[in-house]
Amino acid sequence: MNVGVILAGGVGVRMGLEIPKQFVPIAGRTSLEHTVDAFHGCDFIDEIIVMIDAGSLERAEQLLPRSRYPKISAIITGGATRNDTSRRALRQIGDPDAKVIFHDAVRPLIDVAIIRNCVDALDGYEAVDTGIPSADTIVQVDEDDILVAVPPRSSLRRGQTPQAFRHRTISRAYEIAAQDPDFAATDDCTVVHRYLPDVPILVVPGHEANIKITHPIDIHLADRLFQLKLQTPSSAESPAALRGAVVVVFGGGSGIGAEMVRQLEAAGALVVSHSRTETGVFVEDRGSVRTALGRAAERYGRIDHVVLTAGVLTIGELIDLTDEQLQHDVGVNLLAPLIIAQEAHPHLARSNGSLLLFSSSSYTRGRARYTVYSATKAAVVNLTQALADEWSDDGIRVNCVSPSRTATPMRERAFGVEKEGSLVQSEAVAEASVSVLNSSSTGQVFDVRLPGTDPFGTSGVETP
60 MNVGVILAGG VGVRMGLEIP KQFVPIAGRT SLEHTVDAFH GCDFIDEIIV MIDAGSLERA
120 EQLLPRSRYP KISAIITGGA TRNDTSRRAL RQIGDPDAKV IFHDAVRPLI DVAIIRNCVD
180 ALDGYEAVDT GIPSADTIVQ VDEDDILVAV PPRSSLRRGQ TPQAFRHRTI SRAYEIAAQD
240 PDFAATDDCT VVHRYLPDVP ILVVPGHEAN IKITHPIDIH LADRLFQLKL QTPSSAESPA
300 ALRGAVVVVF GGGSGIGAEM VRQLEAAGAL VVSHSRTETG VFVEDRGSVR TALGRAAERY
360 GRIDHVVLTA GVLTIGELID LTDEQLQHDV GVNLLAPLII AQEAHPHLAR SNGSLLLFSS
420 SSYTRGRARY TVYSATKAAV VNLTQALADE WSDDGIRVNC VSPSRTATPM RERAFGVEKE
480 GSLVQSEAVA EASVSVLNSS STGQVFDVRL PGTDPFGTSG VETP
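Under the numbering used here, think of the first position of the sequence shown as 60, with each following residue one higher.
If you want it as structure tokens, here you go:
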């Protein structure tokens, strides 16, 4: 049996916040939820135990219902220290041969591959740590901050979690440690290293993105990393899982929207497509949107997903744009998402459905000569994250797809024919977008990039 133990007992004193750091929203969800999602999505993890401080137990129970996380066997309060908490978790696990994987709840960007490597390594070792090489030179100082040694960097690692053990091994280490009146340790591998010195501890590679939320700046870093990371949502299945789902697509007449309609219909979804040219629906007009949604709900009895791909891109200096151009561009790119969100809310609340919006790679940095487009697309990202938090209690998921430069009619009208191979194809963006609809993710921005441009080192255009 492989048991994941999520350590969420901290109170975040160093953060200076009113709530524990594991409950701080990051990319639309709490760090605790992101972390549990990662473990729950591992088919090789059989059971999950969440350790929480007593004052946060009720909040954790609300965020982690068993109906959504059936692998969670217990949410229990931790002890006074990290080590006391680990001991309580071990007592909860009855199988002495179990593989136990401890992980900090405030490391929400944990990669499934790292968890897998820790579990697999326990086939040959009794204890496993996770670490990454240090890019900085580490210096040792004395009590007066005088440098006394410079250890060789090649042999140093920066420790992370997960830390994984055979149950019998870590339990024995804690039994011996309990007899030491001077016992103190900040992690579990230290306990094995100190009290079972003959047990080798393998260190598997971690990742730079597997940061620990400790200081206020870490919240902003983690949020940005979630925006950049091409994630695979834990519940993603074959597009065929959308068979029978009712999907309303605004902007389905061309480009990414048209390709999404094609792929969704091929998967068996019930698609209602709208565009200005094909059905006369103006996305920035509330009455037009309300009527379109109402007719879809009347026809099928519900709406499961609403997608907005419509957008306009006007090239030119800001000072040269007319009031009419400004109103039109802001209307389609920003007012429309706001209106569609408002009008879609009652339908999606009834179905526990999702809203999918679209941004652009230009949201990360404004681009000259398409100022309005960049600004409104940045606003859509903030809208996504805000709505995901605002609508979480309503059971509505809100996500955003942010493709790199994509081969669409809108782009060709603005920039003409561009170099072959320099653009992401609309089929790839649509495939990623369909996968997002089919996931449990919320509050996330999924970047779709050309092969070789992913900052996380993966290749190709990944499907969320």
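Note that the Cβ used here is the ideal one computed from N, Cα and C, for glycine as well. Keep in mind that this is a model prediction, so the values were computed, not measured.
- According to DSSP, residue 217 shares a beta bridge with 191.
- As the crow flies, the alpha-carbon of residue 406 is around 15 angstroms from that of residue 451.
- Residue 167 has its alpha-carbon roughly 7 angstroms from the corresponding atom of residue 269.
- Sequence-distant partners of residue 240 (beyond 5 residues in either direction) whose C-beta falls short of 7 angstroms from its own C-beta are missing from its chain.
- Considering only 345, 63 and 417, the residue with the shortest C-alpha distance to residue 160 is 63.
- According to DSSP, residue 459 shares a beta bridge with 416 and 504.
- The count of Cβ pairs closer than 8 angstroms, one atom from the region 422–439 and one from the region 323–343, stays below three, leaving the stretches out of contact.
- The residue among 242, 463, 61 and 280 with its C-alpha nearest the C-alpha of residue 223 is 61.
- If you draw a 10 Å sphere on the C-beta of residue 411, you find fewer than 16 other C-beta atoms in it, and that means exposed.
- Cβ neighbours of residue 318 within its own chain (closer than 8 angstroms, five residues either side excluded): 485, 486, 488 and 489.
- Your pair residue 79 and residue 69 checks out as a contact, with CB atoms roughly 6 angstroms apart and the cut at 8 angstroms.
- For residue 136, the enclosing beta strand (DSSP E) covers residues 131–136.
- Of the residues 482, 464 and 459, the one whose Cα lies closest to the Cα of residue 493 is 459.
- In the same chain as residue 188, and ignoring 5 residues on each side of it, the C-beta atoms closer than 6 angstroms to its own belong to 222, 248, 260 and 262, in chain order.
- Of the residues assessed, residue 386 falls on the exposed side of the cut-off, its CB having fewer than 16 other CB atoms within 10 angstroms.
- Residue ranges of uninterrupted alpha helix (DSSP H) with 4 or more members, entirely inside the region 303–339 and ordered along the chain, are 314–325.
- Of the residues 229, 418, 172 and 162, the one whose Cα lies closest to the Cα of residue 156 is 229.
- Of the candidates 282, 131, 114 and 118, the residue whose Cα lies closest to the Cα of residue 107 is 131.
- Under the DSSP assignment, residue 431 falls in the alpha helix (DSSP H) whose first and last residues are 430–449.
- Within the same chain, and ignoring the five residues on either side of residue 366 in sequence, the residues whose Cβ sits closer than 6 angstroms to its Cβ are 308 and 415.
- In this structure, the CA atom of residue 502 is about 10 angstroms from the CA atom of residue 282.
- Nearest to residue 253 by C-alpha distance, out of 236, 266, 404 and 369, is 236.
- Judged by beta-carbon spacing, residue 316 lies within the 8 angstroms limit of residue 368, meaning their Cβ atoms are closer than that value.
- For residue 357, the enclosing alpha helix (DSSP H) covers residues 345–359.
- A distance below 8 angstroms separates the beta carbons of residue 314 and residue 469.
- Judged by DSSP in its simplified three-state form, residue 222 adopts strand.
- When DSSP reads this structure, residue 158 sits in a beta bridge with 61 and 225.
- Residue 377 sits in a helix when the DSSP states are folded into three classes.
- Between the region 387–405 and the region 343–357 there are three or more C-beta pairs closer than 8 angstroms, enough to call the two in contact.
- The C-beta distance from residue 312 to residue 337 rounds to 5 angstroms, short enough to fall under 8 angstroms.
- Residue 323 is classed as buried because its beta carbon has at least 16 other beta carbons within 10 Å across all chains shown.
- The beta carbon of residue 207 sits closer than 7 angstroms to the beta carbons of 199, 200 and 201 from its chain, once the five residues preceding and following it are set aside; these are given in chain order.
- In the three-state DSSP reduction, residue 122 falls in the helix class (H, G or I).
- With a cutoff of 8 angstroms on beta-carbon distance, residue 457 and residue 435 are scored as not near each other.
- In the DSSP assignment, the residues bridged to residue 106 are 62.
- Judged by DSSP secondary structure, residue 404 falls within the alpha helix (DSSP H) whose first and last residues are 395–410.
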